[in-house]
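89 is the number of the first residue of the sequence shown in the working numbering; add one for each residue after it. By construction, the Cβ of each residue, glycine as well, lies at the ideal position given by its N, Cα and C atoms. Predicted model only: the values in this text are computed from it and were never measured. Taking it in order: structure first as structure tokens, then the write-up.
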Amino acid sequence: FLAARNIVGTTNAGVVLYYVMRMFFNVVRSVDPLVWGLVVVVWVGLGPFAGVLALTIHSIAALGKLYSEEVEHIDPGPVEAIRATGANFFQTIRYAVVPQIVPSFLGYTLLRWDINVRSATIVGFVAGGGIGFLLIQFIQKGAYNQYATTMWAIAIVVYVLDYASAKWRERILQTETRAAAEAPKPFFSSWRNIAVTVIGLVVFVAAWNISQIDPASFLNPGKNFGSLVHDFVTVDLGSNTVSVVSDLMLQTILMALLATTLGGALAIPFSFLAARNLTGRSRLLVWIYYITRTVFNLFRSIEALVYVTLFIIWVGIGPFAGMMALSVATFALLGKLFSEAIENVDTGPMEAITATGANRLQTIVYGIIPQIVPPFISYAIYQWDINIRISTIIGFGGGGGIGFQLQTWMNMLQYHKAGTAVLAIVIVVTVMDFLSAKIRERMV
């Protein structure tokens, strides 16, 4: 909420708070969870706790950006009406903003959950714990059959999460939200809400124990943690380092741009086939819907770093292999996001156009496309800066870009030079976030 321009207002304090929060989100999410894992391991040691911290740090920033953009997309009418009654900031949020953002917030949260499930397979490489630690053992032993079995297990989990997300969003979207004169009933007025709360607490406690959370380790960092952070912060601005980083950063930006373009262009037609509101009229279309969603889930369940190893065998080491790996990952993720954007469109224009005698294609062109252009552009730009960040990991596997040089400097313990590469990534992602906000502001 503090990073949403329409919420903080136009006062000097509000504008400063807005830019501070946006900068925080950009800096934190610019660093891939794998890199956060390398830092956190020095702080709290190997184990699931380090992996949880790395994923949590990145999730806060990634979800913060998505949430703030969704808040900026809300209908301003209810906000102005609530404020006109003399409501304070928190009352405005509760009664005018929250009812509009629940479906999208739920969708983003569940999406982030399955992203973290996949990211855990990579974070486990460096942090230990989780299925990622098991995967690295299989790779080292050459047990590729067991590795494939593990990847199928991850794919099944991602599919279940996607199914739960779709059902949950569908149920919320079907619920009518309206203002009422009487005060809302207390949350614990029904046995169902009580049961959900109890189950949630049990799951939370179980997850806490399984992840071996140890808050005391926060106060007892590793002896090398201070020097590591110091080296990262004191970046090397020498001409040679800056020249290398600049050249590789440009290569990374173009590689990510091409991957986003190819993957996004391929995802657009498939996203219409994966939208339930467009494919629910016949048995054939229902089958097409499930097949397309399954394809998206299978491709999303595999991290881009794994795709790199496959494309390197096919086309060799270099940015081409990295671009192809990013394209496949982009196709799957944007296909899911695009299809959900189509499912969230207002049905009113579609019904009005259909009533004029328009066919299916005309209904899509004139009733759906004008509504989905802004979110499609927003998702595509967001995926572009995601691909720039992921390129740091692509390079670890030989996919070119700035990631390979970042890995080299980290292996040589030249963290001041690695900090220069990370700073370049932060600057690029920040600039892209600014441009994204301006583009969305002009189109919305």
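Between residue 311 and the set 420, 102, 100, 133, the nearest pair of CA atoms involves 133. About 13 Å separates the CB atoms of residue 341 and residue 482; that is not less than 8 Å, and the two are not in contact. Contact between residue 151 and residue 200 holds: their C-beta atoms lie close to 6 Å from each other, under 8 Å. Within a 10 Å sphere around the beta-carbon of residue 472 sit 16 or more other beta-carbons, which makes this residue buried. In the three-state reduction of the DSSP assignment, residue 521 falls in the helix class, which pools H, G and I. With contacts defined by Cβ atoms closer than 8 Å, residue 411 and residue 347 form a contacting pair. When C-alpha distances from residue 106 are compared across 397, 491, 94, 358, the shortest belongs to 94. Cβ neighbours of residue 459 within its own chain (closer than 8 Å, five residues either side excluded): 433, 434, 437.
The beta-carbon distance between residue 466 and residue 157, rounded to whole angstroms, is 7 Å. This is short enough to meet the 8 Å contact definition. The beta carbons of residue 388 and residue 377 sit about 16 Å from each other, so the pair does not count as a contact at 8 Å.
Of the residues assessed, residue 287 falls on the exposed side of the cut-off, its CB having fewer than 16 other CB atoms within 10 angstroms. Judged by DSSP in its simplified three-state form, residue 239 adopts helix. DSSP places residue 318 in the uninterrupted alpha helix (DSSP H) bounded by 313-321. Sequence-distant partners of residue 511 (beyond 5 residues in either direction) whose C-beta falls short of 6 Å from its own C-beta, in its chain, are 323. Distance from the CA of residue 189 to the CA of residue 104, rounded to the nearest whole angstrom, comes to 24 Å. Secondary structure of residue 501 (DSSP, three-state): coil. Judged by DSSP in its simplified three-state form, residue 493 adopts helix. The DSSP-derived three-state label of residue 371 is helix.
Taking C-beta separations shorter than 7 Å and ignoring five residues to either side along the sequence, the partners of residue 464 in its chain run 426, 429, following chain order.
Within the same chain, and ignoring the five residues on either side of residue 237 in sequence, no residue has its Cβ closer than 6 Å to its Cβ. Spanning the alpha carbons of residue 292 and residue 283 requires a straight line of approximately 14 Å.
The three-state reading of DSSP puts residue 308 in coil, since its state is none of H, G, I, E or B.
Spatial neighbours of residue 505 in its own chain (CB-CB distance under 6 Å, excluding positions within 5 residues in sequence) are listed in chain order as 324, 329, 497. In terms of Cα proximity to residue 163, the closest of 187, 146, 177 is 187.
Counting along the chain, residue 477 sits inside the alpha helix (DSSP H) bounded by residues 457-482.
Spanning the alpha carbons of residue 110 and residue 361 requires a straight line of approximately 35 Å.
For residue 102, the enclosing alpha helix (DSSP H) stretches over residues 100-118. Looking at the backbone, the Cα of residue 280 and that of residue 513 are separated by about 47 Å. Annotated three-state conformation of residue 162 is coil, per DSSP. Per DSSP, reduced to three states, the secondary structure at residue 287 is helical. Membership of residue 121 in the alpha helix (DSSP H) is indicated by the continuous run 121-132. Measuring C-alpha to C-alpha distances from residue 487 to each of 442, 407, 417 identifies 407 as the nearest.
Taking the Cβ atoms as the reference, residue 419 lies roughly 4 Å from residue 351, within the contact range of under 8 Å. For a cut-off of 8 Å, the C-beta gap from residue 137 to residue 302 is around 6 Å, short enough to register as a contact.
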